[in-house]
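Sequence lines, in order, name chains L and S.
For what it's worth, our numbering labels the leading residue of the first sequence as 1, then goes sequentially.
For what it's worth, our numbering labels the leading residue of the second sequence as 302, then goes sequentially.
Virtual Cβ for every residue (Gly too), placed ideally from N, Cα, C.
2 protein chains.
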Amino acid sequence: MKRISSFPEMVQHLAQADERKRLAVVCPYDEETVGAAQKALDNNFADLIMIGDERLSETLPSALVASPRVTIVNAATPDEAAATAVALVKEGKADILMKGLINTDNFLRAILNKEHGLLEPGKLLTHLSVAQAPAYPKLLFFSDVAVIPYPTLAQRVEMIKYDVATCRKFGIDSPKVALIHFTEKVNPKFPNSVDYTELIKMAGEGEFGDVEMAGPMDVKTACDHHSAAVKGLTSDVCGDADLLIFPNIESGNTFYKTITFFGKADIAGILQGPICPVILSSRSDSAESKFLSIALACLNA
Amino acid sequence: MKRISSFPEMVQHLAQADERKRLAVVCPYDEETVGAAQKALDNNFADLIMIGDERLSETLPSALVASPRVTIVNAATPDEAAATAVALVKEGKADILMKGLINTDNFLRAILNKEHGLLEPGKLLTHLSVAQAPAYPKLLFFSDVAVIPYPTLAQRVEMIKYDVATCRKFGIDSPKVALIHFTEKVNPKFPNSVDYTELIKMAGEGEFGDVEMAGPMDVKTACDHHSAAVKGLTSDVCGDADLLIFPNIESGNTFYKTITFFGKADIAGILQGPICPVILSSRSDSAESKFLSIALACLNA
């Protein structure tokens, strides 16, 4: 497939694919969530299942309610709405799950429920973000800004596998993976840098399929050719990374917040690991960001 | 004094102050370092002491060598150059120290030398950065992106005291200090968030003088009014921070690299703690960034 290098290309690809996904939205009571879902409907890549209480009739536009591609499901409480959505996925009646105005902990509890949830034993729940920033010529994927505070080596392996699989759905055949640290030096004082040596060895042995992996390196070395050149670094990953793996949640979250606010980036994000992609947007996300997250999930489902 | 809200205002303030500092530069063999020092000379806020080997005669412009405000000091090796510069500071003959083309470890060794160095017993060596970003209406101070990987509570206290003192030199009478985390929640699993509670208590008791301090909060909450409003946060610090204190070096370094590359920020940085400000610029810094760091050091000396 042709490589997808921007969000408009991602949306165009989905709109042309003529393959709609069924999006179950838990408590879509806010304008941004409803607007994002409506736009996915209008772009013809999602059908909607809107789950919630009587507020649905107030917040959903009448055209949406009347659409044959929109299903309304009543649920008295947020917890009931989440459980209903999870059950629809398990029954094969929904392809993607999205959080609306429900507390994150309650929403995740339904997904992680051992008996009825969506995460199979041994699977890792991890967050993937995708940014389109004016300073960068292509999409930039990165993990984990929201779920795993301090990944173990095994968790980093799983995270990279999920992320690389998503990169391939964007037509990136050999993703360039940068393992982020604050310096290029491996030092036992910083266990993540030692993990990185192991990950690169595994990548060389084909554990992740066709990828180029390098690190430790800092964000600028990963994304800026000039910085890499001044340092005399010659890896193809330097200055041209597709995927950034952050050492911990503090640095990942700082990158997310800084590239969006100071770097004016558009952003999409999904949870990976459950049997379907999950959109865990937050209240401060714009309708556009929620829409891009739906598109990312649809491409990934 | 009038508050300094941008780098041009900082430079103008120094140029008008008619109070020159003596800048000792260790191994100024690269164009960026020489250009930055020359510009500080031209702006009339620094006299120069250039310390190094025979390469000085090759790299220093003849006009610089001929200036009565420039002193050339010969040193056969980088270590000798660093030791000479440190000795000049101790003898009261230099006000600021700057690193040129010498290995960072060697440079720091001279500063940290227990017998001859510049860090008095019990003092903390810590890094302060200042950014001017198009997305933000004023200068943004932050620590620590380079020296202390995981600060203890006592180290955070010292770091904040240094940083707040520097903010006051910019005419910021009551600096707004944001304690950065990936969420607003305090959680014993994340010891820095517990430290933050203690720091805010100390701030309330006047430990840091006139400051406003809040946290934990993420970078966007600290710098973006809209994000803070959506979350219902009402602290005056939210959306209007002057100083960001990062939980660890990975997040601090990520912020530094992201705000400069993706956020197109100009940046200055100094080491604080030694008996004089120290400029520890790196090879990939531009001449402009090195110049701004000299100005920051001069304002601080």
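Euclidean distance between Cα positions of residue i and residue j
i: K486(S); j: C27(L); result: 24 Å
i: I546(S); j: F563(S); result: 20 Å
i: M213(L); j: V177(L); result: 5 Å
i: S57(L); j: A287(L); result: 20 Å
i: E32(L); j: D266(L); result: 15 Å
i: D53(L); j: H127(L); result: 29 Å
i: Q155(L); j: V147(L); result: 12 Å
i: A203(L); j: N192(L); result: 16 Å
i: G35(L); j: G507(S); result: 48 Å
i: L112(L); j: P548(S); result: 29 Å
i: L299(L); j: P277(L); result: 10 Å
i: S227(L); j: T234(L); result: 11 Å
i: R356(S); j: Y330(S); result: 7 Å
i: G574(S); j: P151(L); result: 34 Å
i: D444(S); j: T372(S); result: Residue 444(S) is actually Ser in this sequence, not Asp. In a straight line, the C-alpha of S444(S) is about 33 Å away from that of T372(S).
i: A596(S); j: N43(L); result: 53 Å
i: V538(S); j: D285(L); result: 21 Å
i: Y497(S); j: L60(L); result: 42 Å
i: L97(L); j: G510(S); result: 50 Å
i: K470(S); j: M311(S); result: 10 Å
i: D218(L); j: K558(S); result: 7 Å
i: K99(L); j: N187(L); result: 40 Å
i: D348(S); j: S582(S); result: 19 Å
Counted within 10 angstroms of its Cβ, other Cβ atoms place residue i as buried (16 or more) or exposed
i: M1(L); result: exposed
i: Q317(S); result: exposed
i: G232(L); result: exposed
i: Q12(L); result: exposed
i: A76(L); result: exposed
i: Q551(S); result: Per the sequence shown, the amino acid found at residue 551(S) is Glu instead of Gln. E551(S) should be labelled buried.
i: S363(S); result: exposed
i: T254(L); result: buried
i: R3(L); result: exposed
i: E459(S); result: buried
i: R22(L); result: buried
i: P137(L); result: exposed
i: K285(S); result: Since the first and last residues shown for chain S are 302 and 602, residue 285(S) lies out of range.
Proximity test, Cβ basis, 8 Å: residue i and chain L
i: V520(S); result: yes
i: I412(S); result: no
i: K558(S); result: yes
i: A515(S); result: no
i: C328(S); result: no
i: T555(S); result: yes
i: C282(S); result: The shown model of chain S, from 302 to 602, leaves out residue 282(S), and the question about it has no answer.
i: R356(S); result: no
i: S444(S); result: no
Contact with chain S by residue i, beta-carbon distance below 8 Å
i: V230(L); result: yes
i: G263(L); result: yes
i: N43(L); result: no
i: A154(L); result: no
i: S251(L); result: yes
i: C276(L); result: no
i: S302(L); result: Because chain L is modelled from 1 through 301, residue 302(L) falls outside the range shown and cannot be assessed.
i: P247(L); result: yes
i: F182(L); result: yes
i: A133(L); result: yes
i: T59(L); result: no
i: D224(L); result: yes
i: T260(L); result: yes
i: R283(L); result: yes
i: S227(L); result: yes
When the options are compared against residue i, the one with the closest alpha-carbon
i: K123(L); options: S174(L), D218(L) and L271(L); result: L271(L)
i: A66(L); options: S284(L), Q38(L) and L139(L); result: Q38(L)
i: L64(L); options: A76(L), A75(L), M50(L) and T77(L); result: M50(L)
i: P435(S); options: A596(S), F592(S), T561(S) and C599(S); result: T561(S)
i: V194(L); options: P216(L), F182(L) and A268(L); result: P216(L)
i: N309(L); options: A82(L), A94(L) and P121(L); result: Summary: the structure shown does not reach residue 309(L), with chain L confined to residues 1 through 301, and so no result is reported for it.
i: H224(L); options: G239(L), F291(L) and L243(L); result: It is worth fixing the name first, because residue 224(L) is Asp in this sequence and not His. Closest option to D224(L), Cα to Cα, is G239(L).
i: V230(L); options: K565(S), R584(S), D543(S) and T372(S); result: R584(S)
i: E120(L); options: I172(L), N106(L), K99(L) and K90(L); result: K90(L)
i: I200(L); options: I160(L), F170(L) and F190(L); result: I160(L)
i: P450(S); options: F182(L), V73(L), L153(L) and L292(L); result: F182(L)
i: V25(L); options: L88(L), P175(L) and L14(L); result: L88(L)
Residue i beta carbon near the ligand ZN (any heavy atom closer than 7 Å)
i: S552(S); result: Among the components of this structure there are no ligands whatsoever, and the ligand ZN is therefore not found.
List, from N- to C-terminal side, the alpha helix (DSSP H) runs of 4 residues or more that fit wholly inside the stretch 443-476 of chain S. DSSP runs (the alpha helix (DSSP H)) wholly in the stretch 443-476 of chain S: 454-470.
What alpha helix (DSSP H) runs, 4 residues minimum, are completely inside the stretch 481-556 of chain S? List check, alpha helix (DSSP H) in window: 492-505, 520-524 and 526-531.
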